[in-house]
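S.K.:
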Amino acid sequence: MVAEDGAWRLAPELRGALQVNVGDHFEVLSNGSYKSLVHRATLRRDTTRISIASLHCLGMDDKMGPAEELVDNEQYEDWVQRK
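Residue numbers for the sequence shown follow our numbering, so the first one is 133 and each next one is one higher.
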């Protein structure tokens with residue numbers, strides 16, 4: 133992942149773990165409380181890695197924005213809702 137100083141950092145390996153990257157969706161839904169990380173994968177030659185890409189999106193007329201409970205005068209909505 134990329135740190136605040138712009139340098140790449142290694143995330144700890146959790147053997148047997150399933151890692152799910154939710155991307156920007158969770159950042160939008162949390163009104164910025166959780167930040168989406170810039171990340172990349174590095175391969176180790178001595179292990180097997182399986183990657184599955186699953187892409188999804190809302191319908192063309194649907195909108196996505198933060199949970200209403202997270203938007204008030206103190207914590208305003210950072211996200212422009214788009215069609």
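Ideal placement from N, C-alpha and C gives every residue a C-beta, glycine not left out.
Locate the alpha helix (DSSP H) running through E136, then write down its first and last residues.
M.R.: Segment: none, E136 is in no alpha helix (DSSP H) and carries neither H nor E.
S.K.: Classify V134: buried if its beta carbon has 16 or more other beta carbons within 10 angstroms, exposed otherwise.
M.R.: By the C-beta density criterion, V134 is exposed, having fewer than 16 other C-beta atoms within 10 angstroms.
S.K.: Can you give me the Cβ contacts of I182 inside the same chain, cut-off strictly under 6 Å, excluding the 5 residues immediately before and after it?
M.R.: none
S.K.: Give me, in chain order, the residues of the same chain whose beta-carbon lies closer than 7 Å to that of L161; leave out the 5 immediate sequence neighbours on both sides.
M.R.: P198, A199
S.K.: With distances taken between CB atoms, is the gap from N163 to L202 smaller than 8 Å?
M.R.: yes
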